[in-house]
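Numbering (my numbering), first residue to last: 2 to 296.
From the three backbone atoms N, C-alpha and C, an ideal C-beta is built for every residue, glycine too.
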């Protein structure tokens, strides 16, 4: 098959691209940087350099593809990007490019919360989902992962400086966490064999509370305590460091929703979601290694 993917050689793509190439597929990787061309070609794939904001470029890149893999990308929160508006714009770009190129199979990296108006910033993913679902005669699968383990690296500074884990979500509330490795397994399977119609697939690596996370870190000689912080204070701090007001407020609403885990993960638990192999203890070892090297 001819397969075209967005996301360059990001953490998810680099875990499944070698498998697609080894299977003999003709793979094109879209990247915004010429610096990535050599690495992409070294894998045995083709590089297409351009912007996911350029509909003509996307249409040409998608043309002739049996499957395309899409995601919301190119967002820099520190520079004040409005994720809500970005998602609206990309939804139209992707819909138009898929329609004009004649692609019939689409895998879209979405997120848990895309179907929940109370999920704050994560609900922005519904724009792309809705746009792609409106395409007649196109098979679409939305991959909805939970929170990335890598998000926990944001705690590194406070752990090193104060030995405190700050969070707006209570320490005993379970949260879903996921590794790019497990998302890649799902992406590989769906790209290889895209089911007919419109569907979704949730992905979770492990369930863990903040207390579980602290215990996992302690097992790797990283000791810390938990302190809950007000959602409003977090949002204000995000705005101070450059987050767009809509984005910061969206994150605040996300944390409010996350406090009620049963409701937040209701649609996920109603499905046969993919439970991956990378557990919180596995990531704690990775985190602790980075922590100790940076102290």
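Closest in C-alpha terms to residue 150, from the list 182, 80, 172 and 160, comes 182. Around the beta-carbon of residue 130, 16 or more other beta-carbon atoms lie within 10 Å, marking it buried. Ranked by how close their Cα comes to the Cα of residue 3, the residues 275, 65 and 198 have 65 in first place. Membership of residue 271 in any alpha helix (DSSP H) is not indicated, and neither H nor E is assigned to it by DSSP. Nearest to residue 282 by C-alpha distance, out of 275, 291, 216 and 255, is 216. CA-to-CA, the gap between residue 232 and residue 254 works out to about 8 Å. In chain order, 176, 211, 229, 256, 259 and 260 place their CB closer than 8 Å to the CB of residue 170, counting only its own chain and leaving out the 5 sequence neighbours on each side. The C-beta of residue 127 has 16 or more other C-beta atoms within 10 Å across all chains shown, which makes the residue buried. Taken atom to atom, the span from the alpha-carbon of residue 226 to that of residue 43 is near 45 Å. With distances taken between CA atoms, residue 109 lies nearest to 195 out of 33, 121 and 195.
Per DSSP, residue 46 lies in no alpha helix (DSSP H) and is assigned neither H nor E. The alpha-carbon separation between residue 164 and residue 103 amounts to approximately 54 Å.
Residue 85 and residue 247 do touch by the CB rule: their CB atoms are close to 5 Å apart, below 8 Å. An exposed status is given to residue 118, since fewer than 16 other beta-carbon atoms sit within 10 Å of its beta-carbon.
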